[in-house]
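Residue numbers (our numbering): 322 to 489.
This is the structure:
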């Protein structure tokens, strides 16, 4: 194995000297990186301190462009996790905006649910606040109709625990 020369104390490294681990040249103290110098992990150029990212520069993890500090997201920019557009701060959701988990539209703040909107868990319509249950609505646990508040039980209604007719 070829032995390399040891630098004397205070001697600056020479351009031809290589770092055996990185196989790249060691920069002198205070020397700025050069444009052609690559980062061996991301294969991209190291930016100088304080240099803003360039529009064509990509983030190797998401494959999207790095925004400059304070720059607002653009409409075409996608969120790689949900594949939907990131809304600007304070922007209200649009009607076409879908929730990727329930595949239903996100309601705007304060908007009441619509009759056609379904609850994905029970597949039933969500009642508006303060709305009373309707006679045709069933309780999915007992498969019986929910009585209105203050309504008396009917003779035909059975108590599944007692197996006897309920007295009115």
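All residues carry an ideal CB built from backbone N, CA and C; glycine is no exception. Predicted model only: the values in this text are computed from it and were never measured.
Contact check, residue i vs residue j, beta carbons under 8 Å
{"i": "residue 333", "j": "residue 349", "result": "yes"}
{"i": "residue 277", "j": "residue 452", "result": "Here the chain comprises residues numbered 322 to 489, so residue 277 is not present and cannot be evaluated."}
is_contact[residue i, chain D] using C-beta, thresh 8 Å
{"i": "residue 453", "result": "In summary, chain D is missing from the structure at hand, where a single protein chain is found."}
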